[in-house]
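Trainee:
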Amino acid sequence: MKDTLLIGLYALAAGAIVAAAGAAVLRLLRGRSILVHVVVLLAVTVLAAVAGVSTVAWAMFLSAHDMRVVLLTVCAASLVSLAVGVIFGRRLAAAAVWAQQARERERRLEAGRRELVAWVSHDLRTPLAGMRAMAEALEDGVVADRVTVAEYHRRLRIETGRMTQLVDDLFELSRINAGALRLVPTTVPLRDVVSDAIAGVAPLAAGKNVTLVAAENGWPTVRAGERELARVVTNLLINSVRYTPADGTVHIDAGRERGGVWLAVTDTCGGIPDGDLDRVFDVAFRGERARTPGVGTGGGLGLAIVRGLVEAHGGHVGVRNTTRGCRFEVRLPAG
1 MKDTLLIGLY ALAAGAIVAA AGAAVLRLLR GRSILVHVVV LLAVTVLAAV AGVSTVAWAM
61 FLSAHDMRVV LLTVCAASLV SLAVGVIFGR RLAAAAVWAQ QARERERRLE AGRRELVAWV
121 SHDLRTPLAG MRAMAEALED GVVADRVTVA EYHRRLRIET GRMTQLVDDL FELSRINAGA
181 LRLVPTTVPL RDVVSDAIAG VAPLAAGKNV TLVAAENGWP TVRAGERELA RVVTNLLINS
241 VRYTPADGTV HIDAGRERGG VWLAVTDTCG GIPDGDLDRV FDVAFRGERA RTPGVGTGGG
301 LGLAIVRGLV EAHGGHVGVR NTTRGCRFEV RLPAG
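The sequence shown: position 120 = 120 (the working numbering), numbered continuously.
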């Protein structure tokens, strides 16, 4: 009984020394990845067992041959344990990182939804109040002269158009998020899509004295939904025009690369703060701090719709700062 207790104490002491060393190593590596921590924990566990067995074997005065057999057996088992542990540790680390990213994304989406509800409520309440006041004035005959009546009608039409656009954006975003978007891919000449989008955005650009410039050549064809692709290009152009100051330029070009097609819209907005680059495509992110202040920023849905439509095509959209502004890049698979 005494020998058994002594063996247990030897094994416990050896394991405790290894555990203390492992705790110190983990403390030094506290800023490293989950996988590193998992591997260190496995190594400490295996080394503690090896140290305990080796110490007990040494204390039992085994022969040199028996000692080698014990150590060889323990080392072989330890290597197998470490290999299996590292394989499953990588999976565990990947799952943990994925879960953390999913939680972060969910939090960002929830925050975006709350902001969206607040901003949409404001964007609907304000013009509705003005429209109601104008309608009551027209109904009660408070406004009678033809010029003022015509102006009231014009403003009612403009506000109605704004709210219609906002409702359309909300409907499109809900289709994307609900997975109800049904693409009908066709072979689309990108030059034609861009030409139509520029024609539609030209009045907005002219009103702000912003120049729209399209590349002369290099326009590829792409396999995509024509309506959805047109919405992507139009939203990107409108976004860039809105945030580009007067006398600025918005340039659009495209090309083909290995495995796909790219489209880029470059503006002279002045750039986006680095902390906001990852949020540009979030729902309801308007980025008033990111660009030229004092311009209408819409409902904060345009770029979120762009990302949803591009990802529905199996592509990717991103943004980066340039010397004078921003460059939005869309990449679509060859199809």
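Ideal placement from N, C-alpha and C gives every residue a C-beta, glycine not left out.
In its own chain, which residues sit with a C-beta less than 8 Å from the C-beta of Arg289, not counting the 5 before and 5 after it?
Mentor: The predicted position of Arg289 is uncertain, since its pLDDT is 40 and thus under 50; a value taken from the coordinates is nonetheless stated next. If we look at Arg289 and ignore the five residues flanking it on each side, its Cβ neighbours are Pro273 and Asp276.
Trainee: Bridge partners of Asp168, per DSSP?
Mentor: For Asp168, which the question treats as bridged, DSSP gives no partner whatsoever.
Trainee: Mind checking Asn209: buried by the 16 CB within 10 Å criterion, or exposed?
Mentor: exposed
Trainee: Tell me the start and end of each unbroken beta strand (DSSP E) in the segment 181 to 253 that is at least 3 residues and wholly inside, in chain order.
Mentor: Runs of the beta strand (DSSP E) inside the segment 181 to 253: 185 to 189, 211 to 214 and 221 to 225.
Trainee: With a threshold of 8 Å on Cβ separation, who are the neighbours of Gly260 within its own chain once the five nearest residues in sequence on each side are excluded?
Mentor: Gly315, Arg331, Leu332, Pro333 and Ala334
Trainee: Following the continuous alpha helix (DSSP H) through Leu309, name the residue where it begins and the one where it ends.
Mentor: Gly302 to Ala312 is the span of the alpha helix (DSSP H), which, as asked, contains Leu309.
Trainee: Going by alpha carbons, who is nearest to Val319 out of Asn239, His153 and Pro245?
Mentor: Asn239
Trainee: Going straight from the alpha carbon of Ala336 to that of Thr266, what length do you get?
Mentor: Summary: the structure shown does not reach residue 336, with the chain confined to residues 1 through 335, and so no result is reported for it.
Trainee: So who's on the other strand from Val265, going by DSSP bridges?
Mentor: Ile252 and Phe328, per the DSSP bridge assignment.
Trainee: Please look up how many angstroms separate the CB atoms of Ala137 and Tyr152, rounded, as I've assumed it's under 8 Å.
Mentor: 7 Å
Trainee: In the DSSP assignment, find the unbroken beta strand (DSSP E) run with Arg320 in it and report its ends.
Mentor: His316 to Asn321 is the span of the beta strand (DSSP E), which, as asked, contains Arg320.
Trainee: Have a look at the DSSP bridge pairing and note the partners of Pro333.
Mentor: Looking at the DSSP assignment, Pro333 forms a beta bridge with Gly260.
Trainee: Compute the Euclidean distance between the alpha carbons of Thr187 and Pro220, then round it to the nearest angstrom.
Mentor: 10 Å
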